[in-house]
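Under our numbering, the residues of the sequence shown are numbered 7 to 606, in order. Backbone N, C-alpha and C fix where the C-beta goes; we use that ideal spot for every residue, glycine too. Bear in mind that the values here come from a model prediction, so they are computed numbers and not experimental data.
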Amino acid sequence: MHLRNGLLVLLSVLIIAATVYGGWANFQPQPQLPFAIRWMDAHHAILEPIPGLTPTSLHAGDRLDLAQQSHATLIALLGSESAFLPPLASYPLVVERGLARINVTVHPVDGKGGAILRWAEWAALYAVILYAFIALLALWWGHDRAAFGMAFWAMAEAPLAFAVTFLWPSTTPMVLFALLGAVAFSLMGRIGFYVMVESIVGSAIPPGRRARWRGLFALVLGAATVVTFGGPVAVVALGWGGLMQSWLQWVLPASYLVPFVLLMVSFRHADAQEKLRLRWLIWGSVLFLTGLVFTDIPLPLNYVVSILLADGLTTLSCLAFLYAVLRHRVVNITVAINRALVYALTTSLVLGLFALLESLVERSALSRGTGLLLELAVPLGLGAALSTVHGRIEAMVERYIFRRQYRAETALRRFAEECGFITEPENLFKIGIAEIVRHMNAPRVALYERIAGGYTCRWQQGKPALPEQIPADDPVFIGLRARHAEPDQRRTGSVLGTDVYAYPLRQRGDLLGALVVSERPGEHYAADERSLLFHVAHEMGAALFALRVQEHEARAQENEEKARQSEMRAQANELLLKEARMREVALLNALHITGSAGDA
């Protein structure tokens, strides 16, 4: 196995295993301390009771002196709300109530709430599954730096961090390990997110400005690393919580804010097509950052409300990111939904439904004494009914899933039927290229026609421009003359580049030219789209051949008319010459007679 494929398989197994484990652990009992805490200053925390969980020996407003707590208790205070605690452990607390100090021993309790928190658990699971899907999609079908940055971000931010958070600890120190491990994956995810954004905006940032953006991101990420790693370590080792203050926690979402601002700045200077691609990525980032605020920042909100908002916004952000990838291809992936496969699945679904209904009818309504005619009528009736259902399903699939493809195919096939009735070659070139650009969303389209010694570009649209002249023995055109389909452009080394498809304009086995279509940014044309372009090129070739034949016939008739007129002018000139000669002879004769008379 190739090293790259082996690494992809290993990462995929890791992502799937982390997702499955995290999903399972998400619905298990979650031992945690029976209260929440709020960091008051560098040395004290305030205890906040949880209704129904906090024992009566603890009161709201009780203070915890960090220096008086054991290491195990400090770890439990740090990880109680974000990791599992050992279910059978016990933690001594030194509580300050007024001027008195009270020693209390607490045990972990199941922190799961009612039905509302169950909805939050499902939302969290959906978000992790979507993250895993995005990571696998970008890993296996991604082809650029932005795709791998997205894969690294999605993989580290959710499945891995989620699974590490829910590691079932046998000892309290493992809680600190799980907490720091989740933080490490989350910080690595921020690096992947920045790589993705910087790669997507690409040349929109000059090299000098890009270095400044990188420096700013490294500075904020370094501050987030100090806070997230140094805070828990300082609490456990020194009993000092100065880095755990709520105002310092804003540095966590701020590390995502740097690439988000970079994305917004690039969006302002992007063209209309690029803005359409980036819009959903920006909306997903807004939802993601808002959910991150509810996750990382201790806000004065109800605990259940905060969890619901955090998990719900995270799920919505994943859907927005996924839509941006699959619909607008913000990263370079080659995955496409195959229409034939979808229709085959719908047919299989209808056939399975038919078999199920027939089995149910036979068991419930048809007995052994039922007549043969009724036994034949039942499956025929079911087949007729399900045939209508099948047609409705396919119509819905065509309308909602493949609506853009259906409209594009319909429009281009209509043009292919009508292009034979265009009367001017220039209009054929202009209209054909405009239709392809409009319906295929192609960034560059050009039409080449054969001339002496090569091929010349008759019309093109899009930038950067394709070459105006191409030699006859260019590898692409050699392939077009040798085969009836587009050649493998990625192996030819043509002057056209490696991001275009060339389709032959052929008639009667003769190559008249080629239709050249550039790939969409970050996306390859599907097989049915290439087949459609091949059909359009064939019809345009036939129309061009007919127009050139008409031009040749018109020129031939014009030349014939000119020759006939020249012949008529020659005949008239000959008659005039004869008349002139006759007059000359008559004049000579008259002079001769006059001279003879004078001599006499």
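Scanning the region 178 to 260 for uninterrupted alpha helix (DSSP H) segments of 4 residues or longer gives 179 to 207, 213 to 231, 237 to 244, listed from N- to C-terminal end.
Judged by their CB atoms, residue 66 and residue 55 are nearer to each other than the 7 Å cut-off.
Leaving aside the five residues that flank residue 14 on each side, the residues in its chain whose CB is nearer than 8 Å to its CB run, in chain order, 145, 146.
Taking C-beta atoms under 8 Å as the contact rule, residue 452 and residue 472 qualify, at a distance of about 5 Å. In the three-state DSSP reduction, residue 501 falls in the coil class, being neither helix nor strand. Cβ neighbours of residue 290 within its own chain (closer than 7 Å, five residues either side excluded): 323, 326, 327, 330.
In terms of Cα proximity to residue 191, the closest of 159, 486, 218 is 159. Straight through space, the alpha carbons of residue 447 and residue 421 are spaced by roughly 16 Å. Exclusion of the five residues before and after residue 553 leaves 431 as the residues of its chain whose Cβ lies within less than 6 Å of its Cβ. Where residue 166 is concerned, there is no enclosing alpha helix (DSSP H), because DSSP gives it neither an H nor an E. Here residue 517 is actually not in contact with residue 539; their C-beta atoms are around 16 Å apart, not less than 8 Å.
Per DSSP, residue 435 is one residue of the alpha helix (DSSP H) stretching across 431 to 446. Contact between the region 73 to 81 and the region 237 to 251 is present: three or more C-beta pairs spanning the two stretches fall below 8 Å. Within the same chain, and ignoring the five residues on either side of residue 261 in sequence, the residues whose Cβ sits closer than 6 Å to its Cβ are 196, 226, 227, 230. Contact between residue 164 and residue 134 holds, since their C-beta atoms are separated by about 5 Å, short of 8 Å.
Residue 41 is bridged by DSSP to 55. Here residue 9 is exposed. Its C-beta has fewer than 16 other C-beta atoms within 10 Å.
Counted as a single uninterrupted DSSP element, the beta strand (DSSP E) harbouring residue 520 occupies residues 516 to 524. Going by C-alpha positions, residue 41 is about 6 Å away from residue 60.
Around the CB of residue 558, fewer than 16 other CB atoms lie within 10 Å, so the residue is classed as exposed. Burial of residue 510 is indicated by the presence of at least 16 other C-beta atoms within 10 angstroms of its C-beta. Nearest in C-alpha terms to residue 482, of all of 286, 269, 508, 265, is 508. Classified as buried, residue 206 has 16 or more neighbouring CB atoms from the shown chains inside 10 Å of its CB. The three-state reading of DSSP puts residue 302 in helix, counting H, G and I together.
Closest option to residue 92, judged by alpha-carbon separation, among 179, 550, 70, 600: 179. Distance from the CA atom of residue 556 to the CA atom of residue 581, rounded to whole angstroms, is 37 Å. Within its own chain, the residues whose Cβ lies closer than 6 Å to the Cβ of residue 303, once the five positions on either side in sequence are excluded, are 255, listed in chain order. Under DSSP, residue 460 takes part in a beta bridge, and its partners are 457, 477. For residue 10, there is no enclosing beta strand (DSSP E); the residue is part of the alpha helix (DSSP H) that begins and ends at 9 to 32. In this structure, the CA atom of residue 438 is about 8 Å from the CA atom of residue 546.
In this structure, residue 114 lies away from residue 34, with their beta-carbon atoms at least 7 Å apart. Cβ neighbours of residue 111 within its own chain (closer than 6 Å, five residues either side excluded): 96, 98.
Rounded to the nearest whole angstrom, the C-alpha separation of residue 84 and residue 141 is 30 Å. Per DSSP, the unbroken beta strand (DSSP E) holding residue 508 starts and ends at 506 to 513. Where residue 111 is concerned, there is no enclosing alpha helix (DSSP H), although the beta strand (DSSP E) around it starts and stops at 106 to 112. In the same chain as residue 541, and ignoring 5 residues on each side of it, the C-beta atoms closer than 7 Å to its own belong to 422, in chain order.
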